[in-house]
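For reference, the structure is listed below as structure tokens.
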Amino acid sequence: MTGCDTVSAFYGRGKRTAWEAWKSYLEVTEAYQDCVSSDRVSKTCMALSEGFVILLYDKSSKATDVNKARKHIFTQKARSLENIPPTHAALEQHVKRAVLQAKIWNNSTEAVPSAIDPSKWGWVKEGNQ
Numbered sequence: 000m001t002g003c004d005t006v007s008a009f010y011g012r013g014k015r016t017a018w019e020a021w022k023s024y025l026e027v028t029e030a031y032q033d034c035v036s037s038d039r040v041s042k043t044c045m046a047l048s049e050g051f052v053i054l055l056y057d058k059s060s061k062a063t064d065v066n067k068a069r070k071h072i073f074t075q076k077a078r079s080l081e082n083i084p085p086t087h088a089a090l091e092q093h094v095k096r097a098v099l100q101a102k103i104w105n106n107s108t109e110a111v112p113s114a115i116d117p118s119k120w121g122w123v124k125e126g127n128q
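Residue numbers (numbering that gives the first Met the number 0): 0 to 128.
In structure tokens, the structure reads:
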């Protein structure tokens with residue numbers, strides 16, 4: 000969720016910041032576990048992801064909607080565009096790709112891994128290759 004070779008990181012938010020936010024928002028752990036074992040990103044997983052990302056950017060925020068948090072942080076705290084959370088749509092794609100990566104890593108321990116369709120997780124196939 001916080002960045003690896005195949006999933007982008009949140010600009011200006013390192014692993015330490017993410018770990019501190021995660022420790023103060025433990026509900027997100029179970030949501031991600033459920034999401035990885037599911038065939039889609041649930042509304043609960045997205046809502047908790049929004050809360051987690053809002054905490055990454057503003058620990059004092061009471062917002063539950065990332066788009067409202069973006070507006071508040073940008074207008075009230077006078078931060079540059081690079082230092083505000085992603086939009087809901089961008090965050091949804093980010094979560095899908097992070098879940099796909101987790102599914103791939105989970106499959107890596109299987110002798111015969113099951114096939115995972117990336118198109119269900121935010122990727123779009125172009126052409127016939």
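Note that CB positions come from ideal geometry on N, CA and C, so glycine has one too.
Own chain, CB closer than 8 Å to GLU109, minus 5 neighbours either side, in chain order = For GLU109, same chain residues with a beta-carbon under 8 Å away, outside a window of 5 residues either side, do not exist.
Beta-carbon contacts of THR45 that lie in its chain and below 7 Å, excluding the five residues immediately before and after: In the sequence as presented, Thr is not what sits at residue 45; that position holds Met. Only GLU91, VAL94 meet the Cβ criterion.
Looking at C-beta atoms only, is the number of pairs between the region 12-29 and the region 102-118 that lie closer than 8 Å three or more? no
Anticipated Cβ contact below 8 Å, VAL27 with SER41, distance rounded
About 13 Å; that fails the 8 Å criterion.
Buried/exposed call for VAL123, threshold 16 Cβ in 10 Å: The residue in question, VAL123, is exposed, as its Cβ has fewer than 16 Cβ neighbours within 10 Å.
Nearest to GLY121 by alpha carbon, out of ASN106, ALA88, ARG69?
-> ALA88
Check your understanding: What are the boundary residues of the alpha helix (DSSP H) that VAL94 is part of?
Key -> 87-106
Supposed contact pair GLU81 and GLY11 - C-beta distance, whole angstroms, cut 8 Å = 7 Å
*asked:* So, at 8 Å on beta carbons, what are the nonlocal neighbours of THR63 in its own chain, with the 5 sequence-adjacent residues on each side left out?
replied: ALA46, GLU49, GLY50, ILE53
Between ASP38 and LYS119, which are expected to be in contact by the criterion C-beta below 8 Å, what is the C-beta distance as a whole number of angstroms? 7 Å
#### Entry: Residue span of the alpha helix (DSSP H) that contains ARG69, given as start and end
Run containing ARG69: 65-75, per the alpha helix (DSSP H) assignment.
- With 16 other CB atoms within 10 Å as the buried threshold, where does LEU55 fall? buried
(request) Using 10 angstroms around the beta-carbon of LEU99, count the other beta-carbons present and answer buried if the total reaches 16, otherwise exposed. (result) buried
For PHE73, which residues of its own chain have a beta-carbon under 8 Å away from its beta-carbon, when the five flanking residues on both sides are left out? LEU80, ILE83
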